[in-house]
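Right, one structure below, let's go through it.
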Ligand code: PLP
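Have a look at this one:
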């Protein structure tokens, strides 16, 4: 087995000093006075202070050490404070800290070369952005200009970012306060076997019926009016539901039939998360555009990007592309990307993530199904898993209605933290997404803690 990745075991470091704990308390107070948080009712939150982080571990404001099963927002793929990535950023800062995007520079060129090397052969060009939302905004702009069409199709149960078009592309209810259906985006039902919208009993039926549905949407919207279909190859925030075999291939075929650009949003799952460099590779498809962010730098410096194939590129070879960003390909981010990809290769992290999914996390998490009546489904791959909680296994009624997060989820997180692991929760699901180079031992320690914390949910089962 590919266990060559370094164990990101508990570092030997000193406990958090009294001075640092005091600084953390002051930081919390200042946060509450001056920092405006994403997606939050500002006066209803109690943000967790993080004072230190190394490998798969973080230290909270009270000095407690916790396993980070969130990879923060699923971006510290190479773990916290990886020495090679930290060093590369420091060296880049000392050498050429910043430069405007119109100039060539060594770090950015090298990052583009390494990224394109990981993608299909006819994807040779990268437009760098600052994160995932702006990558998707630019991907859609490119597809619209390339095709001369305006409509874009995206899935309900998806997340594509928080800027205006990206939140409209998003399917989950967070888009509703900002969505006036005037942006050219049309949503469709994705393939999601556990909660099939099509009455499917298995993956085969789900793939077939979800594709028929998409084909109908394309027909009713007018195939020759659709610029792009954008899809997460394994939808993340909306539930880590792996598409059934054949589904993405079918979407690819449909796009080819109608000249629609296929944008694959790899922002959350790219760079090893699922045990492949990019999650679309599991399905054996070639996208026209791949968007990425997060894991490309392990989140050490913000970076995203749009990687496009030769056909898209050729639309802007002689005609200017009308768009840009001050920090496109920022040298510090580019240096972090080069170091991240290099470390992932040298330490065989992607192979390790695949092994973790097949041999460690998958089998251990599957036991939750046996031990907890509140667990309705366990699914995922690599270092990317969801545990879906239900009030009733027969009806699959979620522990909370769609669009709401019940109070019990907060209690599960509190219990898990008490037992030394920080999980990510969304609505009625717990997401397990540690750094992809976590050691098997740490992964199992965290899963045992989560197992114990799930007892809280069992009390809510009918
Ligand atoms: N696309 C996907 C699939 C994501 O998961 C995210 C963020 O979670 C985004 C886009 C938005 O990325 P960012 O927050 O960097 O703008």
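In the UniProt record's numbering, the protein residues as written are 20 to 481.
We put the beta carbon where it would ideally sit given N, CA and C, even for glycine.
Predicted model only: the values in this text are computed from it and were never measured.
Taking the Cβ of residue 284 as the reference point, at least one heavy atom of the ligand PLP falls within a distance shorter than 7 Å. Annotation note: the segment 23-81 contains the following uninterrupted beta strand (DSSP E) runs of length 3 or greater, listed N- to C-terminal: 69-73 and 76-79. Closest in alpha carbon position to residue 379, among 361, 389, 363 and 404, is 404. Only residues of its own chain outside the window of five on either side were considered, and among them 50 and 56 have a CB closer than 7 Å to the CB of residue 66, listed in chain order. Here residue 178 is buried: its Cβ has 16 or more other Cβ atoms, across all protein chains shown, within 10 Å.
Between the alpha carbons of residue 241 and residue 331 lies a distance of about 21 Å. Non-local C-beta neighbours of residue 470 in its own chain, meaning closer than 7 Å and more than five positions away in sequence, comprise 387 and 390, ordered along the chain. With respect to residue 329, residue 155 sits apart: the two C-beta atoms are not nearer than 8 Å.
With respect to the C-alpha of residue 253, the residue from 263, 245 and 247 having the closest C-alpha is 263. Taking each of 128, 45, 237 and 42 in turn and checking the Cα distance to residue 206, the smallest one comes out for 237. Straight-line measurement puts the Cα of residue 144 at about 10 Å from the Cα of residue 136. The criterion of a C-beta distance shorter than 8 Å is not satisfied by residue 441 and residue 401.
Looking at the DSSP output, residue 403 bridges to 400. Here DSSP, grouped into helix, strand and coil, assigns residue 418 to coil. When 139, 108 and 141 are compared, the shortest CA-CA separation from residue 127 is found for 108. In this chain, residue 313 is not harboured by any beta strand (DSSP E), its DSSP state being neither H nor E. Between residue 445 and residue 256 the beta-carbon gap is near 6 Å, inside 8 Å, which marks them as a contact. The alpha-carbon of residue 84 is positioned some 26 Å away from that of residue 291.
Taking the C-beta atoms as reference points, residue 314 is found nearer than 8 Å to residue 94. Taking all protein chains in view, the Cβ of residue 223 is surrounded by fewer than 16 other Cβ atoms within 10 Å, so the residue is classified as exposed.
Per DSSP, the continuous beta strand (DSSP E) segment holding residue 327 begins and ends at 323-328. Look at residue 304 here: in three-state DSSP terms it is coil, with no helix or strand label.
Within the same chain, and ignoring the five residues on either side of residue 451 in sequence, the residues whose Cβ sits closer than 6 Å to its Cβ are 88 and 404.
Within 7 Å of the C-beta of residue 256 there is at least one heavy atom belonging to the ligand PLP. If you ignore the 5 residues before and after residue 185, its C-beta comes within less than 7 Å of the C-beta of 152, 155, 156 and 179, all in its own chain and listed in chain order. Straight across, the Cα-Cα distance linking residue 341 with residue 335 is about 9 Å.
In the DSSP assignment, residue 236 falls within the alpha helix (DSSP H) that extends over 222-240. Secondary structure of residue 387 (DSSP, three-state): helix. A distance criterion of 7 Å places the beta-carbon of residue 322 beyond contact range of the ligand PLP, judged by its closest non-hydrogen atom. Taken atom to atom, the span from the alpha-carbon of residue 302 to that of residue 455 is near 20 Å. Set against 7 Å, the gap from the CB of residue 456 to the closest heavy atom of the ligand PLP is not smaller.
When the alpha-carbon of residue 294 is set against those of 367, 478 and 430, the nearest one is in 367. Excluding its 5 nearest sequence neighbours in each direction, residue 77 has C-beta neighbours in its own chain below 6 Å: 69, 85 and 87, listed in chain order. In the DSSP assignment, residue 165 falls within the unbroken alpha helix (DSSP H) covering 151-166. In the structure shown, the three-state DSSP call for residue 90 is helix.
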